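Participant:
Numbering (the working numbering), first residue to last: 34 to 353.
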């Protein structure tokens, strides 16, 4: 990572708030400005040259995201407003229609509100039960006890890959094995991990994944919902409007387009998508493994220095 890529760092500030939002490199800003200055147009609405150019760039970002998380198909990538929007779509567009009274959803006490509140609403509205996976003395998931907390009513495990609370890294691949062995679907909040470590949704066997652009050097207001194709195909849209309809008539007959269009009604955040594409290019230009290794070096240095201060209490100092 190069300080010169970020204009804001010219003022010699020290920025420790990446968990809330990351700084934006010049390449992301330039990509957004170029859209506004050189080829502003809507997508999938016209066949003139500017519109076709935007179509190609916009659709190309979907493919970049697919490659970045190693999904099977670009149609499994849904553009949203952010992680919160994606998790709400998962809860209310899919599980609200699948879960019934007394079905159980397992989360943890260290989840973000975006991965707690939607389940609470389903608990109130349809009578599901929200239960908590047991944590060990380090406030990490106790993998040895996870399967014992599953019963015939458990239908969903919904957890962060890396938490914003204590920064513990969950073994998603192993949790997926346990979940699928018990016919449970796995929802993963990747907001805090997508810019820091490689995510392979096929290798990890993730059913639904959610993350935000602004926590991976991209703009705010853009996010991703990934879902296995057959799951997304069975998702009910939460918004209806232009771009999603194949046919409708005055008598109320509606046919929706195929994925991903059927879940992306209305004019999208075009500049946000373009900025997200530039942020993925930026990460790829450095290398996610190189970023991960460098962050571990920084963390080790920080922990060692903090241990020298007798007025600092460290939590999970050995966390990876």
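Even for Gly, the Cβ is constructed at its ideal location relative to N, Cα and C. What you are looking at is a predicted structure, and each value in this text was computed from that prediction instead of being measured.
Between residue 233 and the rest of its own chain, which residues show a CB-CB distance below 6 Å, the 5 nearest in sequence each way excluded?
Facilitator: Same-chain partners within the cutoff: 103.
Participant: Could you tell me whether the Cβ atoms of residue 173 and residue 349 are closer together than 9 Å?
Facilitator: Yes. Within cutoff.
Participant: Measure the C-alpha to C-alpha separation of residue 280 and residue 266 and round it to an integer number of angstroms.
Facilitator: Cα to Cα, residue 280 sits roughly 18 Å from residue 266.
Participant: Hey, does residue 343 have any beta-carbon neighbour from chain E nearer than 9 Å?
Facilitator: Protein chain content of the structure displayed is limited to a single chain, and chain E is not contained in it.
Participant: Nearest by alpha-carbon distance to residue 128: which of 249, 211, 270 and 213 is it?
Facilitator: Measuring from the Cα of residue 128, the nearest candidate turns out to be 270.
Participant: For residue 344, is the classification buried or exposed, using 16 other Cβ atoms within 10 angstroms of its Cβ as the cut-off for buried?
Facilitator: Per the 10 Å Cβ criterion, exposed.
Participant: Starting from the C-beta of residue 238, find all residues in its chain whose C-beta is less than 8 Å away, skip the five residues before and the five after it, and write them out in chain order.
Facilitator: Answer for residue 238: 206, 209, 210, 213 and 219, listed in chain order.
Participant: Alpha carbon to alpha carbon, how far is residue 82 from residue 72?
Facilitator: Taking the straight line from one Cα to the other gives about 9 Å.
Participant: One question on the structure: do residue 293 and residue 108 come within less than 9 Å of each other, judged by their Cβ atoms?
Facilitator: Yes.
Participant: How far does the alpha helix (DSSP H) with residue 117 in it reach, from first residue to last?
Facilitator: Start and end: 116 to 121.
Participant: With residue 255 and residue 296 assumed to form a contact (beta carbons below 8 Å), what rounded beta-carbon distance in angstroms separates them?
Facilitator: That belief does not hold up - the Cβ atoms of residue 255 and residue 296 are roughly 15 Å apart, past 8 Å.
Participant: Out of curiosity, what's the CA-to-CA distance linking residue 332 and residue 282?
Facilitator: The alpha-carbon atoms of residue 332 and residue 282 are separated by roughly 59 Å.
Participant: When you compare the segment 190 to 202 with the segment 219 to 229, are there three or more beta-carbon pairs, one atom per stretch, that lie closer than 8 Å?
Facilitator: Enough Cβ pairs lie closer than 8 Å, so yes.
Participant: Name the residue from 101, 74, 106 and 105 whose alpha carbon lies nearest to the alpha carbon of residue 91.
Facilitator: Checking every option, the nearest Cα to that of residue 91 belongs to 74.
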